[in-house]
Amino acid sequence: MEPTSDVAFPPSTLSSDLHLELTASIRGAVYLRGDSNFQEYCKMFNGDVNVASLAVVCPLDTQDVSNIVVFCRKHALSLSVKAGGYGTGGWAVGGNIIMDLSRITQIEIEVPSEDGGFVSIQDMPLSGGKGKDKAGPLVTDRSWSGKRRREHDAMLRDYSSASHSVEDFFHPEEEVLPEASRPSNRRRTGFPFPFAGRAIPPQLSMNFQGADMNSVLMNGSAATSLPSIPMLSSNSSYSSHLSREISSVPTPPPAPRVQVSPSSAEADPFGYLEDEPCQEPPAVPSPSRLVQSIPNSMFAIPAFLNSLQNILTYATPIHSHAFITFGAGMRQKEIDQYCAVNPLEALSLAGGRGAVPYHVPFAAHPTGSAVMLLGGFGFLGRLHGLSVDNLVEAEVVLADGSIVFASEKNHPELWWALRGAGPAFGVVTRYKARAYPVPVVFAGNLIYRFHRATAPSLIRHFRDCVKGAPRELYANVLLTAGPAGQDSLVVIQMCYIGPRIKGQEFLQAISSWDGERCLLNEVDEKSFLHQQDSVAQVLRGKAGNKWFIRSALINSLPDEIISKTVRQFAETPVGCTWLFELAGGAIVDTKDSCLPKAQREAAFNVAALHQWDIDFEDPRCIETAEEWIAETLAPVTIGGPLPSVSVFVNDDSEAVAQSYNQFLGRYEPPGRVIACFGEHWSRLTKVKQTYDPSNFFKNSFWPLNEKGEIVEPQEHEPEHIRV
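Shown next, in the form of structure tokens:
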């Protein structure tokens, strides 16, 4: 199964002969080191990664991927695989050759067959024709330069449309206070606040050719004409008929305003909100607001816009689920956008035909496609499970270049390993995942000022409110930085998968806390597409910053840990966010998984998300996260998040009795990685020996070499820019 190589050591540069051989073997582009496109394609969300690769290759299809694997093995070149570039570990750009999957972008939606099954990926032609009960496929033209790629990524990372109220809150028009007059509520590091300015990404226009939407041109400019978007191939008059059927559905009454007591604007750094201290949003989202959230104006169709709010709010799904097939180059946000404009048939409140969008359970923060291999807990997680739990089939290129289709019935051991440890076993080029109807969500943010005297009470109140919550409710509480130059904040986010009438009681319970003035309450009925950006909008993560992430899963949240957490957070540098996220629900339902049962049964997911400027050095950016996770939370920790590590380590990285937990990130001690999979590690190593005995996919979290010996992380990770 494993080919041999006559080359003992990789070259220091890619010679002309090797360049020609590689170029001739694939349809996609090859960019050598020194090319401006090389630099663009190497960029990661975490800026603290030193890239020493020889070339970047951009395959167009699975056969290209296979040929690249064979080429690398033939010439003893290590390969790294990059999908979205969101990982903080740097493995995606650690190889001699970087394989960037961004141009494998086909996507298609299908309804389940009568027995609930699906069409296998191997029976779906890449070019794709649109058959009955299918929308799509959509194939995007990604033959742009590295600069265009960067601009497109910047557009995807613009989360300002999730909530205009939240965006205005974090980026007010008032001038930032000078350093000397900034509030002293929380200690400052002294470096410029990284979110003070927002770059407006270029607009993206899409020109659809024909009913199949099989050609999309990304030209980096505003669309000059509105595209024609087919709804369902089985009925060409569907959208207009839909508009007539549901246009008379009444609008629900607005939620009652949350009452707050007045306070002095002069003494309040948030005085600019004094006129509307707890702003209430409109009862129903505006169709034009939905258009603004997608720069390519995919929603800009009058018939669709006029009925959109009713479709999302009142239509009843016909199918319990659907299936989305998508290429590895698709970002999570792009998939959500596609799902939003390709709803499936439903029944309207009036008894006629309606439509409902179906969405894949993804992470709460938009990422790349590898989320389907490494966990994925988000707004739909408590109701439908993790991303890995909803993967039903994968097209995989193995370490010898062969192509297989893994599912519950085909290559079951590989299938078991892929869903949680996938990057160590192959290159997944296409995914098929379950998607679920999401007509509407009742969701949003409640924002309070962080004050160490009152924050413990608010977090305890949140904990008590979500205890015993139904699976439809996602909720978290964040301690995070405020607007530039202002105090820190406590942000409660809730997302009820359903209409206002069912979610209102949870909002009323949470918002009943009166220990501080509510600065902003924008919880409302929304499209799920908007909600998917809400966590990212509050976190305000900046690509290119240094990132340090530590996390844990806990089984309870006692009062004393809450109080200590608040005291510690008050001493963290600006740029730090601490998160308590309600877990449980459907996550515990999956039994045959490489992710341990104990992690799935946690009560809360907890994370420290720290970022700071690439040129800034402050040990507290790391130390405060380490101390909180390793010491403060240790009494209630049961495991790390998904994917994660949960280990017992001492200073020598040996197993001892103190728990330590974190995301898989930079320079992970091998013991932590092994403990991430708990009792399943032994089985994982056997699957690895079957499918990748020479450890070809070493540029991943996998901590063993081809002999099964532990290797230090420095041997299979790129260096820091500054060590």
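Residue numbers (full-length UniProt numbering): 1 to 723. The beta carbon of each residue, even a glycine, is placed where N, CA and C say it ideally should be. In this text, all values refer to a predicted model and were calculated from it rather than measured experimentally.
Rounded separation between G575 and Q611 - CA only: Taking the first residue of the sequence shown as 1, we reach residue 575 at position 575. Taking the first residue of the sequence shown as 1, we reach residue 611 at position 611. Their backbone Cα atoms lie some 5 Å apart in a straight line.
DSSP three-state assignment for Q689, whether helix, strand or coil: Here residue 689 refers to the residue found at position 689 when the sequence shown is read from its first residue. In the structure shown, Q689 sits in a helix (DSSP, three-state: H, G or I).
Limits of the beta strand (DSSP E) - the one that D524 falls within: Within the sequence shown, residue 524 is the residue found at index 524, counting from 1. Start and end: 524-526.
Euclidean distance between Cα positions of G378 and S694: Translated into positions along the sequence shown, residue 378 becomes position 378. Translated into positions along the sequence shown, residue 694 becomes position 694. When rounded, the distance between both Cα atoms is 35 Å.
Alpha-carbon spacing of A265 relative to A424, whole angstroms: As a first step, residue 265 is located in the sequence shown; it is residue number 265 there, counting from the start. As a first step, residue 424 is located in the sequence shown; it is residue number 424 there, counting from the start. Residue placement at A265 is poorly supported in this model, since its pLDDT is 34, which falls under 50; the coordinates are not used for a value here.
For P703 and E712, the rounded distance between their alpha carbons: Counting from 1 along the sequence shown, the entry for residue 712 is found at position 712. Counting from 1 along the sequence shown, the entry for residue 703 is found at position 703. Roughly 7 Å between the two C-alpha positions.
Where T251 sits in the DSSP three-state scheme: The count along the sequence shown starts at 1 and reaches residue 251 at position 251. Its pLDDT being 41, under 50, T251 is placed unreliably in this model, and the value from its coordinates should be taken loosely. In the structure shown, T251 sits in coil (DSSP, three-state: anything other than H, G, I, E or B).
For M372, three-class secondary structure by DSSP: For this step, residue 372 is matched to residue 372 along the sequence shown. It is helical.
Pick from V69, V65, Y338 that is closest to P106, judged by C-alpha positions: In the sequence shown, the residue the question calls residue 106 occupies position 106. Reading the sequence as shown, one finds Gln at residue 106 and not Pro. Among V69, V65, Y338, the Cα nearest to that of Q106 belongs to Y338.
Of the residues E516, S512, S511, I501, the one placed nearest E525, counting alpha carbons only: As a first step, residue 525 must be located in the sequence shown, where it is residue number 525. It is I501.
Terminal residues of the beta strand (DSSP E) in which T429 lies: For this step, residue 429 is matched to residue 429 along the sequence shown. From DSSP, the beta strand (DSSP E) with T429 extends over 427-437.
Interface flag, P366 vs chain B, CB-CB below 9 Å: You won't find chain B in this structure, because it holds only one protein chain.
L473 beta carbon less than 9 Å from that of V523: Locating residue 523 in the sequence shown gives position 523, counting from the first residue. Locating residue 473 in the sequence shown gives position 473, counting from the first residue. It is not a contact, given that the beta carbons lie outside the stated cut-off.
Contact between the segment 90-97 and the segment 55-73 (3+ Cβ pairs under 8 Å): yes
Reference D123, options K432, G34, L60, closest by Cα: Stepping through the sequence shown from its first residue, residue 123 is reached at position 123. Checking every option, the nearest Cα to that of D123 belongs to K432.
The alpha helix (DSSP H) enclosing E21, as first and last residue numbers: As a first step, residue 21 must be located in the sequence shown, where it is residue number 21. Taken as a continuous stretch (DSSP letters only), the alpha helix (DSSP H) holding E21 covers 16-25.
Burial state of I562, where buried means 16 or more other Cβ atoms lie within 10 Å: Here the question's residue 562 lines up with position 562 in the sequence shown. Buried is the call here.
Burial state of K707, where buried means 16 or more other Cβ atoms lie within 10 Å: Reading the sequence shown from its first residue, position 707 is the one you call residue 707. Under the 10 Å beta carbon count, K707 is surrounded by fewer than 16 other beta carbons and is classified as exposed.
Top-ranked residue by Cα proximity to H411, from G420, G401, V396, A421: Counted from its first residue, the sequence shown places residue 411 at position 411. The shortest C-alpha separation from H411 is found at V396.
Simplified DSSP state of R73, which is helix, strand or coil: In the sequence shown, counting from the first residue as 1, residue 73 sits at position 73. Helix at R73.
Host alpha helix (DSSP H) of A509 (start-end): Here the question's residue 509 lines up with position 509 in the sequence shown. Taken as a continuous stretch (DSSP letters only), the alpha helix (DSSP H) holding A509 covers 500-510.
Buried versus exposed, by CB contacts within 10 Å (16 or more), T13: As a first step, residue 13 must be located in the sequence shown, where it is residue number 13. Exposed, because fewer than 16 other Cβ atoms sit within 10 Å of the Cβ of T13.
Nearest-angstrom beta carbon gap, E413 and V606 [assumed within contact, 8 Å]: Working through the sequence shown from its first residue, we reach residue 606 at position 606. Working through the sequence shown from its first residue, we reach residue 413 at position 413. The Cβ separation is near 32 Å, so there is no contact.
Given I638 as reference, the closest of Q689, I587, A552 once Cα atoms are compared: As a working mapping, residue 638 is identified with position 638 in the sequence shown. Of the candidates Q689, I587, A552, the one whose C-alpha sits nearest the C-alpha of I638 is A552.
Where I97 sits in the DSSP three-state scheme: One-based indexing of the sequence shown puts residue 97 at position 97. DSSP places I97 in strand when its eight states are reduced to three.
Opposing strand residues paired with E395 [DSSP bridges]: The residue given as residue 395 occupies position 395 in the sequence shown. Note: E395 sits in a beta bridge opposite F405, R430.
Exposure label - G585; buried when at least 16 CB within 10 Å: Within the sequence shown, residue 585 is the residue found at index 585, counting from 1. Around the CB of G585, 16 or more other CB atoms lie within 10 Å, so the residue is classed as buried.
In DSSP terms, what H359 is bridged to: As a first step, residue 359 must be located in the sequence shown, where it is residue number 359. Beta-bridge pairing links H359 to Y436.
Segment contact flag, the segment 672-686 with the segment 58-74, C-beta cutoff 8 Å, min 3 pairs: no
P596, buried or exposed, once every other Cβ within 10 Å from all chains shown has been counted against 16: Here the question's residue 596 lines up with position 596 in the sequence shown. Burial call: buried.
Rounded Cβ spacing between H321 and Y436 (contact assumed at less than 8 Å): Counting from one through the sequence shown, the residue named residue 321 turns up at place 321. Counting from one through the sequence shown, the residue named residue 436 turns up at place 436. Their Cβ separation, rounded to whole angstroms, is 5 Å, which keeps H321 and Y436 in contact under 8 Å.
Neighbourhood of V588 by C-beta, 6 Å cutoff - its chain only, sequence neighbours within 5 removed: Along the sequence shown, read from residue 1 onward, the residue named residue 588 stands at position 588. Within the same chain, V588 has close Cβ partners R600, E601.
DSSP three-state assignment for S307, whether helix, strand or coil: By 1-based counting over the sequence shown, the position of residue 307 is 307. The pLDDT assigned to S307 is 37, lower than 50, so where the model puts this residue is not dependable; a value taken from the coordinates is nonetheless given after this. In this structure, S307 counts as helix in the three-state DSSP scheme.
Straight-line gap, C621 to L373 (C-alpha atoms, nearest Å): As a first step, residue 621 must be located in the sequence shown, where it is residue number 621. As a first step, residue 373 must be located in the sequence shown, where it is residue number 373. Taking the straight line joining both Cα atoms gives about 29 Å.
Selected residue, minimal CA-CA separation from D100, among V427, L579, E623: Here residue 100 refers to the residue found at position 100 when the sequence shown is read from its first residue. For the residues V427, L579, E623, the minimum Cα distance to D100 belongs to V427.
9 Å Cβ cutoff met for Q532 and H359: As a working mapping, residue 532 is identified with position 532 in the sequence shown. As a working mapping, residue 359 is identified with position 359 in the sequence shown. Q532 places its beta carbon less than 9 Å from that of H359.
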